[in-house]
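Asks:
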Amino acid sequence: MQVKIDFNTGIIEGCRVTIRRLSDMAEFYSDQVSVNNMLKKNRDPCIYEIYEYSNPADEGNLNFGTTIIYPGKVGSEFYMTKGHYHQKNAGEVYQGLRGNGILLLQNRKGEFRSIEMGKGSLVYIPPEWAHRSVNIGDELFIYYFVYPSNSGHDYETIRRTGFMKLVVEKNSKPCIIDNIKYTPSES
Ligand code: PAN
Ligand code: ZN
Numbered sequence: 178m179q180v181k182i183d184f185n186t187g188i189i190e191g192c193r194v195t196i197r198r199l200s201d202m203a204e205f206y207s208d209q210v211s212v213n214n215m216l217k218k219n220r221d222p223c224i225y226e227i228y229e230y231s232n233p234a235d236e237g238n239l240n241f242g243t244t245i246i247y248p249g250k251v252g253s254e255f256y257m258t259k260g261h262y263h264q265k266n267a268g269e270v271y272q273g274l275r276g277n278g279i280l281l282l283q284n285r286k287g288e289f290r291s292i293e294m295g296k297g298s299l300v301y302i303p304p305e306w307a308h309r310s311v312n313i314g315d316e317l318f319i320y321y322f323v324y325p326s327n328s329g330h331d332y333e334t335i336r337r338t339g340f341m342k343l344v345v346e347k348n349s350k351p352c353i354i355d356n357i358k359y360t361p362s363e364s
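The numbering of the sequence shown is this note's numbering, which starts it at 178 and goes up by one.
Encoded structure:
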């Protein structure tokens with residue numbers, strides 16, 4: 178099979194689209210006052226969209242697609258994905274197509290890494306590492322992804338523990354700071 182990606186919009190025709198609004202991921206942001214203020218003012222912005230081709234979750238199959246993160250902030254925290262661990266021990270590849278982002282990686286041993294991503298960046302996410310991507314620019318941040326179809330997604334751990342670091346704007350620049358609310362996973 179063959180499909181076409183529009184590198185400018187990130188859209189892949191004919192595949193499943195998932196839209197995540199602020200209300201779908203309110204708990205994932207650090208500043209709950211800003212979340213509630215935005216939602217109260219009837220601002221439930223689209224934070225990101227996922228265009229994905231999924232195959233049956235059989236050994237050997239791959240899922241692939243694009244993620245489009247809009248520019249913006251909740252309080253001082255940049256728009257980002259929920260972030261997840263793969264339930265099965267599976268790696269993933271991301272390729273930057275447009276804009277600028279930061280990929281946050283952490284594992285259950287308490288190790289943390291961050292990787293800047295732009296157009297053309299090719300990043301390998303090893304198994305056992307939770308991953309979250311953040312748009313640090315003022316335009317769309319778009320990347321391509323591919324991962325094994327039987328990986329599964331564990332969002333619950335990150336919802337409960339948070340990420341070790343936050344990406345916030347400080348003095349008009351993106352800055353990675355400690356997340357004081359981070360609670361290490363008990364497992
Ligand atoms: C990606 C992500 C996608 C959105 O396809 O699912 O970028 O992030 P969340 O799934 O954390 O909302 C991926 O890493 N798949 O495994
Ligand atoms: Zn993943």
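We treat Cβ as the ideally placed atom computed from N, Cα and C, and that holds for glycine.
What are the start and end residues of the beta strand (DSSP E) that includes Glu226?
Replies: That run of the beta strand (DSSP E) goes 223 to 230.
Asks: Quick check: does the Cβ of Tyr228 come within less than 7 Å of any heavy atom belonging to the ligand ZN?
Replies: Checking every heavy atom of the ligand ZN against the Cβ of Tyr228, none is found closer than 7 Å.
Asks: Report the three-state DSSP secondary structure of Ser298 (helix, strand or coil).
Replies: Ser298: coil per DSSP, three-state reduction.
Asks: So, for Val212: in the same chain, excluding its five sequence neighbours on each side, which residues have a beta-carbon less than 7 Å away from its beta-carbon?
Replies: Cβ within range, chain order: Leu199, Ala203, Tyr206, Val251.
Asks: Using C-beta distances below 7 Å, list every residue in its chain close to Ile354, excluding the 5 sequence neighbours before and after it, in chain order.
Replies: These residues qualify, in order along the chain: Lys342, Leu343, Val345.
Asks: I want to check one thing, is the minimum distance from the CB of Tyr332 to the heavy atoms of the ligand ZN below 7 Å?
Replies: It does not: the Cβ of Tyr332 is nowhere closer than 7 Å to a heavy atom of the ligand ZN.
Asks: Over the uninterrupted alpha helix (DSSP H) stretch that includes Leu343, give me the two end residues.
Replies: It is not in any alpha helix (DSSP H) - Leu343 instead sits in the beta strand (DSSP E) that spans 342 to 347.
Asks: Give me the Cβ distance between Phe322 and Gly242, rounded to the nearest whole Å; I'm assuming they're in contact under 8 Å.
Replies: Contact holds; Cβ gap of about 6 Å.
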